[in-house]
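Heads up: the structure comes next, in structure tokens.
Protein chains: 2
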Amino acid sequence: MTHWRERKRERTRKALREAAFRLFVEHGYEATTVERIAAEAGVSHMTFFRYFPTKEDVVLRDDYDPLLEELVRAQPRRLPPLRRVRDAVLSVFPAVYAQDRRALYLRSRLLLSTPILRSRMPESLRGSQDAFERGLGDPSGAEPPPLAARVVASACVAALTTAITAWVENNGDTDLIALVEEAFDALEAPGTDDD
Amino acid sequence: MTHWRERKRERTRKALREAAFRLFVEHGYEATTVERIAAEAGVSHMTFFRYFPTKEDVVLRDDYDPLLEELVRAQPRRLPPLRRVRDAVLSVFPAVYAQDRRALYLRSRLLLSTPILRSRMPESLRGSQDAFERGLGDPSGAEPPPLAARVVASACVAALTTAITAWVENNGDTDLIALVEEAFDALEAPGTDDD
DNA sequence: GGAAAAATGTTAGGGACTAACATATTAATG
DNA sequence: CATTAATATGTTAGTCCCTAACATTTTTCC
């Protein structure tokens, strides 16, 4: 096996993330020191920073973006951009939701209730926005996406964030999928009056 | 004069902000220490933190939100929400733009080019989003704004951010007002195909 | 002018993060 | 298997953001 190294790296990475998450949920984000996380994972604090650039990244990092880009690109181009993003998201979200609802809820709640994390949520979502833009834009990726595509992408991210926020505010009781659909509806029919 | 205190506070606040801005533009955000900013403004570093909770807030803080809320609320309620926000923004933005274009450009560029600031931009814009939501929602403010209003508000903030980003990426050469209008257009006609 | 209140300074310290260097562990080679 | 190179990890010392506690000054009010 020439890949013992990578497997060990994956293990430490996972150990760090899980230790961090456990401690965050138990004692709160601010009260948990990097030193402690590292100790819990059996490494030194330097090793932590070699795996995650900052303390915040342990929570913020996720890796769905390439998938999202492909899904958007796979939508029929005759559909309006907003619809393509919507269908792409809803083609995969229900499965993730069904499988990891609790983890998703805990993570979202931690994100929303910790000021410094909440403030960086959009940064983490920025990756998804880029994915949407690229999925909507020129398949070759040669030229930058037009402003319209970028606006739609950012609006979709905003709608998703709003839906998840409402979900967490409601203690995760309501159906997130329904909220997401409602949010996209509001985007697609911006002329409709509220309440 | 019973308000010498407030005037002096305003002066120190302004001195701190200007010193910070000058040093940031000259040496970069990271390279500028709070100690230095305080010294430049003739106070100690503790005083700095008594005026601004964090180093980032010197750049991020602005105070347009109450105005925005009022402007949105003042729009005719027969108009669709998106239109109300658009008209509200465009009723005041051109004047600000005409007067403070260069300062606005420098500030935006600093924000966008400094990772830690960029990541907190949406947080700073969150205040505007709340203002939009309140402006769109129940005038009494008794009940929370409906999801539709929140989505529209977040989408508008997203559109504005996208427009400003494009403006800065273009070195501030294009007309920002036109970009903002184009961004709102893309929101109002999400069905239109791109390019 | 003197007391109360508010602003500011001083000092000490915690905690995130970095740089430099030392050490250990794994991989490739003879 | 021993050696050497590459990579991962640890140690230490230090910078900087930010806070707490307390002392000192400045402003306001009586």
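These protein sequences, in sequence, are chains S and L. For the first sequence, counting from 1, position 142 maps to 145 in the working numbering; every step adds exactly one. For the second sequence, counting from 1, position 192 maps to 195 in the working numbering; every step adds exactly one. All C-beta atoms in this analysis are idealised placements derived from N, C-alpha and C, irrespective of residue type, glycine included.
Annotation: Arg8(L) to Ala18(L) spans about 15 Å, alpha carbon to alpha carbon. Counting along the chain, Ala145(L) sits inside no alpha helix (DSSP H), nor does DSSP assign it H or E at all. Sequence-ordered contacts of the stretch 29–46 of chain S with chain L are nonexistent [C-beta pairs closer than 8 Å]. With a threshold of 16 other beta carbon atoms within 10 Å, Glu72(S) meets it and is buried.
Against Leu150(S), the close residues of chain L are Thr165, Ala166, Ala169, Leu182, Glu185, Ala186 and Ala189, in the order they occur along the chain (beta-carbon pairs closer than 8 Å). By the CB criterion at 8 Å, Pro97(S) and Ile180(S) fall inside the cutoff. Under the three-pair Cβ rule at 8 Å, the stretch 131–144 of chain L counts as touching the stretch 83–98 of chain L. Along the stretch 85–109 of chain L, going in chain order, the ones with a CB nearer than 7 Å to a CB of chain S are Leu85.
Using a Cβ-Cβ cut-off of 7 Å, Glu21(L) is close to nothing in chain S; its nearest Cβ partner there is about 25 Å away.
Spanning the alpha carbons of Phe51(S) and Val75(L) requires a straight line of approximately 47 Å. Here DSSP, grouped into helix, strand and coil, assigns Pro79(S) to coil. Not flagged as an interface residue toward chain L: Arg64(S), since no C-beta distance is shorter than 8 Å.
By the Cβ test, the stretch 124–133 of chain S is not in contact with the stretch 36–48 of chain S, since fewer than three Cβ pairs between them sit closer than 8 Å.
The beta carbons of Leu120(S) and Glu185(S) sit no closer together than 8 Å.
For Arg153(L), the chain S residues whose Cβ falls inside 7 Å of its Cβ are Thr165, in order along the chain.
Of all residues in the stretch 114–139 of chain L, the ones placed with a Cβ closer than 7 Å to any Cβ belonging to chain S are Ser122, Arg123, Pro125, Glu126 and Leu139, in chain order. Among the CB atoms of chain L, none fall inside 8 Å of the CB of Ser111(S). Separation of Val160(S) and Ser127(S) (C-alpha to C-alpha, rounded to the nearest whole angstrom) is 11 Å.
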